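Undergrad: Numbering-wise, UniProt numbering puts 400 at position 400 of the sequence shown, and it's gapless, one number per residue.
The beta-carbon is built from N, C-alpha and C at its ideal position, and this holds for glycine as well.
Since this is a predicted model, take the numbers as computed values, not measurements.
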Amino acid sequence: MVYYMLGAVVASLLGLLFLKSSIGKKKSGASSMEAQRTDSVTESSGNGRTDTDIIIVGAGVAGAALAYTLGKDGRRVHVIERDLTEPDRIVGELLQPGGYLKLKELGLEDCVSQIDAQQVYGYALYKDGKSTKLSYPLEGFKSDVAGRSFHNGRFIQRMREKAASLSNVRLEQGTVSCLVEEKGTIKGVQYKNTNGQLLTAYAPLTIVCDGCFSNLRRSLCKPKVEIPSCFVGLILEKCELPYKNHGHVILADPSPILFYPISSTEIRCLVDVPGQRVPSISNGEMNNYLKTVIAPQIPPELLSAFMAAIEKGNIRTMTNRSMPATPQPTPGALLLGDAFNMRHPLTGGGMTVALSDIVVLRDLLRPLRNLNDAPSLCKYLESFYTLRKPVASTINTLAGALYKVFCASPDPSRKEMCQACFDYLSLGGDFTNGPIALLSGLNPRPLSLVTHFFAVAIYGVGRLLLPFPSPKRILIGARLISGASSIIFPIIKAEGVRDMFFPASTPAYYRASIN
């Protein structure tokens with residue numbers, strides 16, 4: 001009964017937020033395309049004629065998976081990737097169970113075999129020396145369904161090999177410099193191949209999947225990229241995690257520390273550093289920071305391996321980027337993956353969102369016999385942006401909200417919120433399974449996310465007011481509710497209230513096949 005009442009309250013608040021955002025929205029003209037025309041092309045594949053159905057820019061997780069998926073459906077696909085050698089990254093190493101289910105749906109589940117990938121069954125959460133085990137709610141699923149953690153590069157190479165095995169998929173190494181635009185329609189791309197030749201490739205549809213550093217996204221959307229923090233990455237060897245086959249999250253000061261296996265002998269450690277600047281590695285500032293600030297907060301079972309990793313010196317850094325999806329529908333082109341939408345990697349949801357998007361796009365394209373009517377295709381594919389929202393926005397919102405809750409703060413109400421979250425998740429039953437189902441991508445329902453988020457806040461207020469309320473505790477409780485609202489509502493607003501909670505109210509939701 002409490003959950004139903006809370007759900008009704010949350011729905012009312014969301015309705016008001018949606019009404020406010022609708023009233024305040026202003027119409028704006030489409031920004032000018034940054035894509036260049038083909039007048040200066042040195043070499044081209046013909047006067048706009050092509051034997052390619054779809055060009056994919058980028059062969060990372062999204063691009064390689066999409067190439068295989070569309071190729072398997074009989075599409076003639078040309079993939080252009082800047083560097084086809086094995087990537088070496090410190091993120092994109094954890095695939096949630098929901099993402100694994102999407103991988104299976106695409107026929108790519110064998111890409112996590114033969115790369116020493118480790119099964120992951122949940123998380124262990126640490127705070128102030130205490131820990132709690134949070135297992136994925138996998139009852140009712142087949143035995144192979146779990147999370148997977150691995151070396152990102154090995155996973156990508158397996159998917160590239162799978163895509164290249166199809167005769168109608170062509171993988172080429174080259175650097176795409178711009179989109180080819182004629183009269184407002186994208187006709188293809190201009191790129192340099194490995195010989196330095198300037199070429200043009202044409203296709204009815206170009207899908208840009210060139211990652212978080214995309215140089216093409218500004219032609220297709222209005223990006224609002226934020227950098228909330230940076231990751232410092234190390235690899236721990238010759239040690240075992242306290243909870244086997246579980247990711248470990250340390251609620252540290254100033255922000256979380258992550259541990260998870262990436263092979264049978266290696267454990268990835270990611271130290272989050274808030275802001276856009278990290279201590280310098282070259283002058284020893286980073287070593288000192290890790291030893292004096294971070295090491296005292298590491299679980300004893302991992303401390304010696306952590307210190308050895310620092311001494312070994314293979315320390316990597318990467319900025320964490322967040323960018324809500326702000327599509328600008330353009331005939332002949334589409335954005336996908338990190339080029340289109342990013343969230344804080346704390347929850348490891350990026351690949352799940354990308355694979356879910358590919359399933360949506362595949363299902364939309366399947367009934368189409370040809371893709372040559374660019375304006376009609378563009379209008380039809382507007383439904384993609386709506387159909388992807390419930391899954392993508394749930395994972396995006398959870399990532400942004402949890403990161404803010406888990407970061408240390410001098411504000412007493414924020415401290416109470418963090419403690420309430422830890423204790424709420426430790427209760428077991430639906431209090432654990434509900435949030436973990438959201439985190440894992442097994443139950444990506446926006447209303448369930450908001451309900452649990454405010455249930456945590458109310459639980460925190462109840463702890464403050466019992467057994468006897470005091471003016472100070474009442475004030476902290478009020479600030480806790482206010483703080484929770486200020487965390488989640490701006491994220492929801494950026495995601496789009498209507499598409500997130502009321503997708504059936506948008507015309508694009510009912511868009512029919514054009515062919």
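For residue 452, report the span of its beta strand (DSSP E) as first-last.
TA: Per DSSP, residue 452 belongs to no beta strand (DSSP E); it is in the alpha helix (DSSP H), 446–465.
Undergrad: Taking 8 Å as the threshold (C-beta atoms), are residue 68 and residue 166 in contact?
TA: Yes, these two residues count as a Cβ contact at 8 Å.
Undergrad: What are the boundary residues of the beta strand (DSSP E) that includes residue 133?
TA: Where residue 133 is concerned, the enclosing beta strand (DSSP E) stretches over 130–135.
Undergrad: Please look up how many angstroms separate the CB atoms of residue 342 and residue 321, rounded, as I've assumed it's under 8 Å.
TA: That belief holds up - the Cβ atoms of residue 342 and residue 321 are roughly 5 Å apart, short of 8 Å.
Undergrad: What did DSSP end up calling residue 54 once you bin it into helix, strand or coil?
TA: Residue 54: strand per DSSP, three-state reduction.
Undergrad: Below 8 Å on the Cβ atoms is my contact criterion, and I expect residue 336 with residue 207 to pass it. Report the Cβ-Cβ distance as a whole number of Å.
TA: Confirmed, Cβ separation roughly 6 Å.
Undergrad: Terminal residues of the continuous alpha helix (DSSP H) containing residue 430?
TA: From DSSP, the alpha helix (DSSP H) with residue 430 extends over 430–439.
Undergrad: Which stretch, first to last residue, makes up the beta strand (DSSP E) that contains residue 318?
TA: Per DSSP, residue 318 belongs to the beta strand (DSSP E) from 316–322.
Undergrad: Quick check on residue 497: does DSSP put it in helix, strand or coil?
TA: If DSSP states are grouped into helix, strand and coil, residue 497 belongs with the helices.
Undergrad: Look at residue 106 and residue 348 and say whether their C-beta atoms are less than 8 Å apart.
TA: Cβ distance not < 8 Å, so residue 106 and residue 348 don't count as in contact.
Undergrad: For the segment 229–245 against the segment 297–304, do three or more pairs of beta-carbon atoms, one drawn from each stretch, fall closer than 8 Å, so that the two count as touching?
TA: Contact between the segment 229–245 and the segment 297–304 is present, because at least three Cβ pairs lie under 8 Å.
Undergrad: According to DSSP, simplified to helix, strand and coil, what is residue 489?
TA: Helix at residue 489.
Undergrad: Taking all protein chains shown into account, do 16 or more other C-beta atoms lie within 10 angstroms of the C-beta of residue 474, making it buried, or fewer, making it exposed?
TA: By the 10 Å Cβ count, residue 474 comes out exposed.
Undergrad: Can you check which of these residues, 413, 245, 126 and 184, is closest to residue 464 by C-alpha distance?
TA: Checked all of 413, 245, 126 and 184; the closest Cα to residue 464 is 413.
Undergrad: For residue 478, count neighbouring C-beta atoms within 10 Å of its own C-beta (all shown protein chains included) and say buried if the count is 16 or more, exposed if not.
TA: Exposed.
Undergrad: Our contact map puts residue 528 next to residue 436 with C-beta atoms below 8 Å; I'd like the distance itself, whole angstroms only.
TA: This structure leaves residue 528 out entirely; the chain is present only between 1 and 515.
Undergrad: Which of the three DSSP states, helix, strand or coil, is assigned to residue 88?
TA: Three-state result, residue 88: coil.
Undergrad: Going along the chain, which unbroken runs of the beta strand (DSSP E) with 3 or more residues stay wholly within the segment 160–193?
TA: Within the segment 160–193, the complete beta strand (DSSP E) runs of at least 3 residues are 169–182 and 185–193.
Undergrad: Taking contact to mean 3 or more Cβ pairs, one atom from each stretch, closer than 8 Å, check whether the segment 441–461 and the segment 405–422 are in contact.
TA: Yes, since at least three Cβ pairs between the segment 441–461 and the segment 405–422 fall closer than 8 Å, the two stretches touch.
Undergrad: Okay, do the segment 117–131 and the segment 220–233 touch, 3+ Cβ pairs below 8 Å being the bar?
TA: Contact between the segment 117–131 and the segment 220–233 is absent, because fewer than three Cβ pairs lie under 8 Å.
Undergrad: Would you please state the rounded distance, in angstroms, between the beta carbons of residue 149 and residue 260? I believe it to be under 8 Å.
TA: With 8 Å as the limit, residue 149 and residue 260 qualify as a contact, their Cβ atoms being about 5 Å apart.
Undergrad: Could you tell me the boundaries of the beta strand (DSSP E) in which residue 119 lies?
TA: 118–120 is the span of the beta strand (DSSP E), which, as asked, contains residue 119.
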